[in-house]
């Protein structure tokens, strides 16, 4: 199985080849916005999930608060929840994660490539 | 949760990602993965219709006046406008949000695909391989080099572009491209993101009722989403779909087979050199949203080769966003150029400045053979929206295209017949 050697969460964060445009005076603002936008997206996901639960409860009955409070994950569930949190961190940290790749490989501005492509 | 939808009016919202149809190699999204695309589809709608008009306001109210004061003249071209707008705080923030949306779409799509890449590869193999190995309808040619215009940057910020592989022989590039088009177009391309192909079927049936092309060439086919509807509409016709990237072709072939379009042969080939096909081989040669991903020297070669392999009375058709004619205001040209510099489309700006009619005449067509027409995506309007154009248009992504076409030597053929 490839999932033992292939870290799909890290791979999903791969940076597109091509220097990223700079929108703000302070490069840290770029990263702050990218984290913020990811969180914005995730909150939307949570809301959608909550709505799903509400609709299911409307249609199918009930689950108790005690069930939630007393829940203890087994080994498999504990792993899955850890992976879920890890996935969450990778997703939210995509911006800073990509900074690492940018540090590894400097790239010419796309504008330069654009001029080149016009000529080749 | 409080009720937010009034009963007496319909709000403009993106259709749910659940409405996207599944085919044989579709990645299976989880509840939250669906919710991520639901967020992006609606966010992009908001960006295009609600925030984007702020760009024109910023330009009219402060950027243009400041430019006039500094230079004593109007901006001469879209590049001058861009350099001035890139200093404007509103435009900077809008651009930054839009760039983030594009990057999130890629991350979200890759996350869906890569966590199930083994299953997807296995599904693709089931469609791509028969008892005798790889089916004859999929021809990969490893000697085809990825041209510089495909490798210089990852086009539309798609990590790995069309030719990248995460695991040897995988279909992740195609699966990611296919599954996320919904998010960037707000569902404007329909359940199988084939609204462009469906539009071509509608158009040709009206334009030439009863016409049965023998052989059709689709250049730069990517996942084949625009050729499958045609192949299904003309089941007795032989379709050849080419692309330079093997990973996208593996996916495209499996996708087409699973949808019953078994009359398409997918071939890894570069359209700058179609020498394997004789003059006049095809009755229809087309590209859909492809030429802007080539280069200044490749584009004329591709059109010239397309002309050569096109039979008399055959159709050449290119779907693109409209060109930057002198009639198009410079500000609109600047806005349409956003993807060129912010979404890794480095030939986009130069391509749209070309006069496609001139390019087709250079390739061999008579000017009076040429025609232009608008083509709007054909989708199930019960579920999917009509792509907004004009003020609310998401420039560069609107599911409404400009078709540049010609019927080769049609007049001479008619005269000869008469």
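Chains as they are written, first to last, in the working numbering: chain A, 86 to 205; chain B, 625 to 1042. Idealized CB from N, CA, C, for every residue including glycine. Everything numeric in this text was worked out from a predicted model, so none of it was measured.
- Residue pairing from DSSP places residue 1028(B) in a beta bridge opposite 942(B) and 996(B).
- Contact check for residue 1034(B) against residue 813(B) fails: the beta carbons are separated by 8 Å or more.
- With its beta carbon less than 8 Å from one in chain B, residue 205(A) belongs to the interface.
- Annotation: residue 112(A) has no Cβ neighbours in chain B at a cutoff of 7 Å; minimum Cβ distance is about 12 Å.
- Residue-level contact by beta carbon fails for residue 144(A) and chain B, as no gap is shorter than 8 Å.
- Distance between residue 781(B) and residue 1039(B), taken at the CA atoms: about 50 Å.
- Straight-line measurement puts the Cα of residue 689(B) at about 30 Å from the Cα of residue 668(B).
- What residue 137(A) touches in chain B, judged by beta-carbon distance under 7 Å, is 655, going in chain order.
- Within the segment 791–814 of chain B, the residues whose Cβ lies closer than 7 Å to any Cβ of chain A are, in chain order, 791.
- The contact set of residue 970(B) on chain A, defined by CB atoms closer than 7 Å, consists of 195, 198, 199 and 202 in chain order.
- Nearest neighbour of residue 986(B) by Cα position, chosen from 923(B), 637(B), 804(B) and 664(B), turns out to be 923(B).
- Under the 8 Å criterion on CB atoms, residue 964(B) is classed as interfacial with respect to chain A.
- One alpha carbon belongs to residue 883(B), the other to residue 751(B), and they sit about 10 Å apart.
- Under the three-pair Cβ rule at 8 Å, the segment 691–698 of chain B does not count as touching the segment 644–661 of chain B.
- Of the candidates 91(A), 94(A) and 101(A), the residue whose Cα lies closest to the Cα of residue 724(B) is 101(A).
- Per the coordinates, the alpha-carbon of residue 758(B) lies some 43 Å from the alpha-carbon of residue 1036(B).
- The segment 940–960 of chain B and the segment 901–921 of chain B touch, with three or more beta-carbon pairs separated by less than 8 Å.
- Secondary structure at residue 1008(B): coil, using DSSP grouped into helix, strand and coil.
- For residue 663(B), the neighbours in chain A by C-beta distance under 7 Å run, in chain order, 126, 129 and 130.
- Taking a C-beta distance under 8 Å as the contact criterion, residue 816(B) and residue 849(B) qualify as a contact pair.
- For residue 865(B), the uninterrupted beta strand (DSSP E) run begins and ends at 862–867, by DSSP.
- Residue 1028(B) is classed as buried because its beta carbon has at least 16 other beta carbons within 10 Å across all chains shown.
- According to the DSSP assignment, residue 842(B) belongs to the beta strand (DSSP E) that extends over 839–843.
- As computed with DSSP, residue 917(B) is found in no beta bridge at all.
- For residue 161(A), the closest Cβ of chain B is not nearer than 8 Å.
- Residue 122(A) has a beta carbon lying within less than 8 Å of a beta carbon in chain B.
- With distances taken between CA atoms, residue 933(B) lies nearest to 840(B) out of 840(B), 828(B) and 996(B).
- By the C-beta density criterion, residue 734(B) is buried, having at least 16 other C-beta atoms within 10 angstroms.
- Here residue 687(B) is not bridged, per DSSP, to any residue.
- A check of alpha carbon separations from residue 895(B) across 878(B), 959(B), 869(B) and 675(B) identifies 869(B) as the nearest.
- Taking CB atoms only, residue 651(B) has no neighbour in chain A less than 8 Å away.
- Here the alpha carbons of residue 98(A) and residue 172(A) stand approximately 10 Å from one another.
- Taking 7 Å as the upper bound on Cβ-Cβ separation, chain A lies near residues 919, 920 and 921 of the segment 906–933 of chain B.
- Fewer than three beta-carbon pairs drawn from the segment 754–774 of chain B and the segment 183–195 of chain A are found closer than 8 Å, and the two stretches are therefore not classed as touching.
- The C-beta distance from residue 898(B) to residue 853(B) rounds to 24 Å, too long to meet the 8 Å contact threshold.
- The C-beta separation of residue 888(B) from residue 863(B) comes to about 4 Å, placing the pair in contact by the 8 Å criterion.
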